[in-house]
Amino acid sequence: MAGRGVVDAQDKTPNPRVLMLNKSGEWASAVDPLHFDKPAAGTGLGKTFALRIADANPGITIGLIPCAVGGSPIDSWKPGEFYAPTKSHPWDDTSKRSTIALKSGVLKGILWHQGESDSKEPLASAYEEKLHRLVKRFRKELEAPEVPFIVGQMGQFTDMPWDAAHKKVDQAHQDIVKKIPFTAYVSAEGLRHKGDKVHFDAASYREFGKRYATVYLKLMESKKP
């Protein structure tokens, strides 16, 4: 979910109520690229998501905690695991950054968009169980048993049809809403790739962020007594 879209002026325009925890662990105005996992980091869905949430909640400030690691399989999202392509520890780094961020805020949601690297066998068949364990681990470590966990659909493009393994991972994403409370699924239907048949283009990332926000707000509304 790091985002690989081409950054333009609208992506660099700050909003005083939308912040990001930067690479140094400091709060700064949220502008793309939010992430720093790879040199190719660009426009993603985070900023448009946050802008929509801020618009729906006047008077509060949104703080994004960018932690995505492009290309990482779900097995790399466990304590102590090292992901060689980015020379990082995805879970451990996320844990450290979350600890810093939560000193000045309250965790209100986790956005998850991952699965391409697991869309092959035998990984695809084991994906659902690993995803469920991941959600439980996040909620336990962050002491947030009911924090919303929002899963986005992988890119499905007409010129790159899914095979059975991709469909299996997508089904695990869709089915999470039936099996784990306070989760939701975001469709990527109609979104376009940037030419590489893998990553969305910038306009699609922005649209995806809006869809995440719509689903998130609906889930939060359902949690109200």
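So the sequence shown is numbered by the numbering used here: it starts at 1 and just counts up by one. We put the beta carbon where it would ideally sit given N, CA and C, even for glycine.
{"Item": "May I ask you to list the residues that DSSP assigns as paired with GLY63?", "Value": "LEU19"}
{"Item": "For CYS98 and ALA164, what's the separation of their Cα atoms in angstroms?", "Value": "A quick correction: the sequence has Ser, not Cys, at residue 98. Answer to the nearest angstrom: the Cα atoms are 35 angstroms apart."}
{"Item": "By DSSP, does MET154 sit in helix, in strand, or in coil?", "Value": "coil"}
{"Item": "Contact between the segment 164-179 and the segment 1-21 is defined here as three or more beta-carbon pairs at a separation below 8 angstroms; is this criterion met?", "Value": "no"}
{"Item": "Does any residue of chain D bring its CB to less than 9 angstroms from the CB of SER29?", "Value": "In the structure shown, chain D does not exist; there is a single protein chain."}
{"Item": "State the start and end residues of the unbroken beta strand (DSSP E) segment that holds TYR185.", "Value": "183-186"}
{"Item": "Tell me, please, which residues DSSP counts as bridged to PHE200.", "Value": "HIS193"}
{"Item": "In this structure, does DSSP put ILE110 in helix, strand or coil?", "Value": "strand"}
{"Item": "I need the straight-line Cα distance from PRO73 to VAL169, nearest angstrom please.", "Value": "12 angstroms"}
{"Item": "Quick one: residues in its chain with C-beta nearer than 8 angstroms to the C-beta of SER187, no 5 flanking neighbours on either side, listed in chain order?", "Value": "GLN153 and ARG211"}
{"Item": "Cutting at 7 angstroms between CB atoms, please list the residues of its own chain near SER95, excluding the five before and the five after it.", "Value": "GLU141"}
{"Item": "Along the beta strand (DSSP E) that carries SER98, what are the first and last residues, could you check?", "Value": "Here SER98 belongs to no beta strand (DSSP E); instead the alpha helix (DSSP H) covers 90-101."}
{"Item": "Count the other CB atoms, across all protein chains shown, that sit within 10 Å of the CB of ASP8; report buried if there are 16 or more and exposed otherwise.", "Value": "exposed"}
{"Item": "Give me the Cβ distance between LEU34 and GLY3, rounded to the nearest whole Å; I'm assuming they're in contact under 8 angstroms.", "Value": "7 angstroms"}
{"Item": "Name the DSSP beta bridge partners of MET160, please?", "Value": "PHE157"}
{"Item": "Just to check my reading of the structure: TYR185 and VAL151 have Cβ atoms closer than 8 angstroms, yes? What is that Cβ distance to the nearest angstrom?", "Value": "5 angstroms"}
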